[in-house]
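Numbering (the numbering used here), first residue to last: 106 to 378.
Shown next as structure tokens:
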């Protein structure tokens, strides 16, 4: 689930992080999951395109390559430069908290930021391009899901935990703004407490959504929207966008037939000035 925000006059998309929504970490071994659209295994946790892919198609640019793939190509000489249409720094299973799933070998969002910083500071990416690019940020579902895992005892109460997440997002915005980013899109989370995996958690209901988890999601989303509201004031020249995902996903769940083969996805964004 992603927020969408595009500038048609600048066909560029810089994708900072895209992670799974509401899933425990798994390795990309399910080779048939992504063959519906691509007709080949890509290592993704999806059977088709992501929202970033749809935005790219709308802009008429190629899909973004993963950072590590692009880095390897530059290092071995198979390509001269990093792609100008954007780069995907995502690591499935990561969260906004550095400790989230660190034992699974995920690349934390903090490390993803450092990868991005290195490209900019080493002039591997044109700074003017960064300023014109769309930065997509979506993360947090794994953090909240993991809060309820039975083998990990939280050291913070739910409210403090969400505030710790929001502090990390705020720092991320601050850092990418300093690197030249001016168009920043924050995705809210969908109803993580409704994913099937929640039934495996202690105390979670199997016949309805997990209310405690969704309450944390709603509080996190509210905090993200506040960050976006404050962005033009705190960061002169920046345009922030909040992707209100939660309610529309609940509508999809409630009346799925109404949204088949529709463009309902275009309704999920809300621009902040």
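Every residue gets a Cβ at the ideal spot worked out from N, C-alpha and C, and that includes glycine.
Taking residue 318 as the reference, give the member of 249, 362 and 284 with the closest Cα.
For the purposes of this step, residue 318 is taken as residue 213 along the chain shown, with counting starting at 1. Comparing alpha-carbon positions, the option among 249, 362 and 284 lying closest to residue 318 turns out to be 249.
Boundaries (first-last residue) of the alpha helix (DSSP H) holding residue 173:
By one-based count along the chain shown, residue 173 stands at place 68. Start and end: 172–180.
In terms of alpha-carbon separation, which member of 219, 321 and 305 lies closest to residue 47?
In this structure the chain extends from 106 to 378, so residue 47 is not present and cannot be described.
Name the two residues that bound the continuous alpha helix (DSSP H) containing residue 225.
Taking the first residue of the chain shown as 1, we reach residue 225 at position 120. Here the alpha helix (DSSP H) through residue 225 covers 214–226.
Have a look at residue 185 and residue 179 and give me their C-alpha separation to the nearest angstrom.
Residue numbering aside, residue 185 sits at position 80 when the chain shown is read from its first letter. Residue numbering aside, residue 179 sits at position 74 when the chain shown is read from its first letter. Those two C-alpha atoms are separated by around 6 Å.
Residue 230 and residue 214 closer than 7 Å at C-beta
On the chain shown, residue 230 is found 125 positions in, with the first residue counted as 1. On the chain shown, residue 214 is found 109 positions in, with the first residue counted as 1. Not a contact, by the Cβ cut-off of 7 Å.
Using 8 Å for Cβ pairs, my map puts residue 193 next to residue 166. What's the rounded Cβ distance?
In the chain shown, counting from the first residue as 1, residue 193 sits at position 88. In the chain shown, counting from the first residue as 1, residue 166 sits at position 61. The Cβ separation is near 13 Å, so there is no contact.
Buried or exposed, going by whether 16 or more other CB atoms sit within 10 Å of the CB of residue 308?
Within the chain shown, the letter at position 203 stands for residue 308. Exposed: under 16 other Cβ atoms inside 10 Å.
Shortest alpha-carbon distance to residue 348 belongs to which of 312, 339 and 289?
In the chain shown, counting from the first residue as 1, residue 348 sits at position 243. Closest option to residue 348, Cα to Cα, is 289.
If distances are taken between C-alpha atoms only, which option among 357, 286 and 259 comes closest to residue 221?
Your numbering for residue 221 matches position 116 in the chain shown. Residue 221 has its Cα closest to that of 286, out of 357, 286 and 259.
Counting only the same chain and skipping the five closest in sequence on each side, list residues whose C-beta sits under 7 Å from that of residue 71.
Because the chain here runs from 106 to 378, residue 71 falls outside it and cannot be looked at.
Sub-7 Å separation of residue 158 and residue 168 beta-carbons
Position 53 of the chain shown, counting from 1, holds the residue named residue 158. Position 63 of the chain shown, counting from 1, holds the residue named residue 168. Yes, these two residues count as a Cβ contact at 7 Å.
DSSP three-state label for residue 322, please.
Numbered from 1 along the chain shown, position 217 holds the residue referred to as residue 322. Residue 322 falls in the helix class under three-state DSSP.
Contact check, residue 311 vs residue 302 under 8 Å by CB: the rounded distance?
The residue labelled residue 311 in the question sits at position 206 within the chain shown. The residue labelled residue 302 in the question sits at position 197 within the chain shown. Rounded, the Cβ-Cβ distance is 11 Å, inconsistent with contact.
With DSSP run on the structure shown, which of helix, strand or coil describes residue 200?
Here the question's residue 200 lines up with position 95 in the chain shown. Residue state, collapsed to three classes: coil.
I'd like to know whether the C-beta atoms of residue 177 and residue 245 end up nearer to each other than 7 Å.
Mapped onto the chain shown, residue 177 falls at position 72. Mapped onto the chain shown, residue 245 falls at position 140. No, the Cβ-Cβ distance between residue 177 and residue 245 is not below 7 Å.
Taking the DSSP output, what are the residues bridged to residue 192?
As a working mapping, residue 192 is identified with position 87 in the chain shown. Answer is 170.
Unbroken alpha helix (DSSP H) run spanning residue 252, endpoints:
As a position in the chain shown, residue 252 is number 147, starting the count at 1. Run containing residue 252: 246–252, per the alpha helix (DSSP H) assignment.
Residue 181: buried (16+ other C-beta within 10 angstroms of its C-beta) or exposed?
Within the chain shown, residue 181 is the residue found at index 76, counting from 1. Exposed: under 16 other Cβ atoms inside 10 Å.
Is it right to say residue 174 is buried, meaning 16 or more other beta carbons lie within 10 angstroms of its own, or is it exposed?
In the chain shown, counting from the first residue as 1, residue 174 sits at position 69. By the neighbour-count rule (16 or more Cβ atoms within 10 Å), residue 174 is not buried but exposed.
Neighbourhood of residue 316 by C-beta distance below 7 Å, restricted to the same chain and skipping five residues each side:
Translated into the one-based positions of the chain shown, residue 316 becomes position 211. For residue 316, where only same-chain residues beyond five positions count, the Cβ hits under 7 Å are 298.
Locate the alpha helix (DSSP H) running through residue 207, then write down its first and last residues.
As a working note, residue 207 is residue 102 in the chain shown. No alpha helix (DSSP H) contains residue 207, which DSSP labels as neither H nor E.
Rounded C-beta distance between residue 333 and residue 345? I'm assuming under 8 Å.
By one-based count along the chain shown, residue 333 stands at place 228. By one-based count along the chain shown, residue 345 stands at place 240. That belief holds up - the Cβ atoms of residue 333 and residue 345 are roughly 4 Å apart, short of 8 Å.
Since I believe residue 325 is in contact with residue 267 (beta carbons under 8 Å), could you give me their beta-carbon distance rounded to a whole number of angstroms?
Taking the first residue of the chain shown as position 1, residue 267 is located at position 162. Taking the first residue of the chain shown as position 1, residue 325 is located at position 220. Distance from residue 267 to residue 325 at the Cβ level is roughly 5 Å; contact confirmed, criterion being Cβ atoms closer than 8 Å.
For residue 282, I'd like the list of residues in its chain whose CB is within less than 7 Å of its CB, leaving aside the five on either flank, ordered along the chain.
As a working mapping, residue 282 is identified with position 177 in the chain shown. Here the set comprises 340 and 343.
Reducing DSSP to helix, strand and coil, say where residue 327 ends up.
Position 222 of the chain shown, counted from the first residue, corresponds to residue 327. Correct three-state label for residue 327: helix.
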